[in-house]
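Quick note: the sequence shown, position 239, residue 239 per our numbering, numbers continuous. See structure below.
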Amino acid sequence: MKTPKRLQPLVEEGIIDEVISPLMSGKEADVFIVRSSGQLRCAKIYKDAVKRSFKKAVQYTEGRKVRNSRRQRAMEKGSKFGRKQQEETWQNAEVDALYRLARADVRVPQPYGCFDGVLIMELVTDEDGDVAPRLNDVSMSADQAREDHAIMMQYVLRMLAAGLIHGDLSEFNVLVDEYGPVIIDLPQAVDAAGNNNAQSMLARDVNNITEYYAQFAPELAQTHYAEELWGLFEDGDLNPDHQLTGYAELDTHEADTDSVMAEIRAVLAEEEARQRRLKAAESDEEPEEEPGEGER
């Protein structure tokens with residue numbers, strides 16, 4: 001096939017021997033099967049920000065930091081240089097996450113490097129050597145669903161213990177080879193401690209996966225792994241080998257909205273009084289005093 005423009009420099013530099021065929025086109029990247037170092041691998045070409053359809057990317061990148069303070073300031077200001085650095089950070093996030101999760105014993109494709117917005121990584125295959133199917137294309141027995149769901153929950157636990165949340169985990173971002181599930185697509189991986197949306201994203205990841213497996217083992221729909229995982233995280237009790245149960249003590253107390261509103265009104269009244277005092281001080285006017293007992 002004709003070599004895509006973004007892959008041509010890698011072919012010229014000898015990083016890629018040959019482009020075999022397109023594999024898939026997604027919301028943030030196009031993926032091709034290539035031959036590299038004599039082996040079949042994937043080449044993932046990240047789309048530019050203007051072409052990416054990944055929604056609300058800022059929610060995912062919250063909490064990410066770069067070591068270079070000049071780059072960090074530029075990213076925060078949104079300058080041209082900063083936007084370029086932001087793109088590189090988005091692209092490198094998947095490489096960093098893949099290495100980090102492999103060390104945490106989470107099954108992910110092996111990365112071989114990121115070159116000018118192109119990630120070279122392992123091609124996950126089935127027992128026949130064909131491209132491994134996505135989870136959404138796989139049906140299974142109830143026993144297999146329970147087993148694989150338990151494995152996935154353990155992977156989510158290990159990810160969280162490593163400080164990461166996938167952020168977009170579903171049956172479409174999991175491959176299944178002869179050894180079981182393999183988690184893919186991690187450029188949006190969330191910093192668990194630094195992102196205000198971390199808990200809701202963890203819950204969405206867990207619920208997406210649970211709902212899929214519950215098609216084959218309906219009792220899984222009654223589990224509460226997201227609450228259990230977040231409780232362990234908040235309590236600082238995360239252990240990568242912790243045996244999850246799927247049960248959690250849920251907060252069933254109703255919010256005391258009256259008390260909350262009273263506190264808000266009190267804070268607003270205090271702020272209004274402070275502003276009046278500041279205004280009076282700036283105009284060199286003394287605030288009016290309350291009349292004394294004898295003047296009422």
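The beta carbon of each residue, even a glycine, is placed where N, CA and C say it ideally should be.
Option in the options with minimal Cα separation from residue i
i	options	result
residue 155	144, 131, 184, 172	184
residue 224	148, 240, 209	209
residue 239	8, 48, 104, 42	104
residue 42	243, 216, 132	132
residue 229	221, 244, 222, 139	244
residue 137	147, 213, 219	213
residue 169	180, 118, 203, 219	203
residue 220	258, 117, 147	147
residue 140	258, 180, 14	180
Distance, residue j Cα to residue i Cα
i	j	result
residue 97	residue 2	31 Å
residue 149	residue 272	54 Å
residue 174	residue 275	55 Å
residue 107	residue 236	24 Å
residue 129	residue 34	15 Å
residue 46	residue 120	11 Å
residue 72	residue 215	Caution is warranted here: a pLDDT of 49 is assigned to residue 72, below 50, making its placement in the model unreliable, and the coordinate value is therefore given only provisionally. Computed Cα separation, rounded: 45 Å.
residue 6	residue 19	12 Å
residue 194	residue 165	11 Å
residue 160	residue 143	26 Å
residue 163	residue 217	30 Å
residue 297	residue 226	Coverage of the chain is limited to positions 1 through 296, which leaves residue 297 absent and any answer about it impossible.
residue 246	residue 231	12 Å
residue 145	residue 135	11 Å
residue 280	residue 196	39 Å
residue 201	residue 152	16 Å
residue 211	residue 234	25 Å
residue 13	residue 102	28 Å
residue 32	residue 118	10 Å
residue 258	residue 222	33 Å
residue 122	residue 172	18 Å
residue 248	residue 264	32 Å
Backbone secondary structure at residue i - three-state DSSP
i	result
residue 154	helix
residue 215	coil
residue 223	coil
residue 280	helix
residue 231	helix
residue 39	strand
residue 107	coil
residue 5	helix
residue 46	strand
residue 140	coil
residue 116	coil
residue 183	strand
residue 10	helix
residue 127	coil
residue 162	coil
residue 29	strand
residue 171	coil
residue 20	strand
residue 241	coil
residue 122	strand
Where residue i falls, given that 16 or more other Cβ within 10 Å makes a residue buried
i	result
residue 158	buried
residue 278	exposed
residue 112	buried
residue 8	exposed
residue 110	exposed
residue 206	buried
residue 266	exposed
residue 91	buried
residue 262	exposed
residue 99	exposed
residue 186	buried
residue 268	exposed
Nonlocal neighbours in the same chain, by C-beta distance under 7 Å from residue i, ignoring five residues either side
i	result
residue 60	With a pLDDT of only 48 at residue 60, under the threshold of 50, the placement of this residue in the model should not be trusted; the figure read from the coordinates follows. 167, 188, 190.
residue 39	none
residue 178	126, 127
residue 199	230
residue 114	91, 92, 95
residue 116	9
Sequence-distant residues of the same chain with beta carbon closer than 8 Å to residue i, five excluded per side
i	result
residue 30	4, 22, 24, 44, 45, 47
residue 182	107, 108, 109, 124, 132, 174, 175, 176
residue 318	This structure leaves residue 318 out entirely; the chain is present only between 1 and 296.
residue 64	Low confidence applies here, because residue 64 scores a pLDDT of 47, under 50, leaving its location unreliable; read the following figure in that light. Contacts found: 89, 93, 191, 194.
beta-carbon residue i near the ligand NAD non-hydrogen atom, thresh 7 Å
i	result
residue 155	The ligand NAD is not among the ligands present in this structure, which contains no ligands whatsoever.
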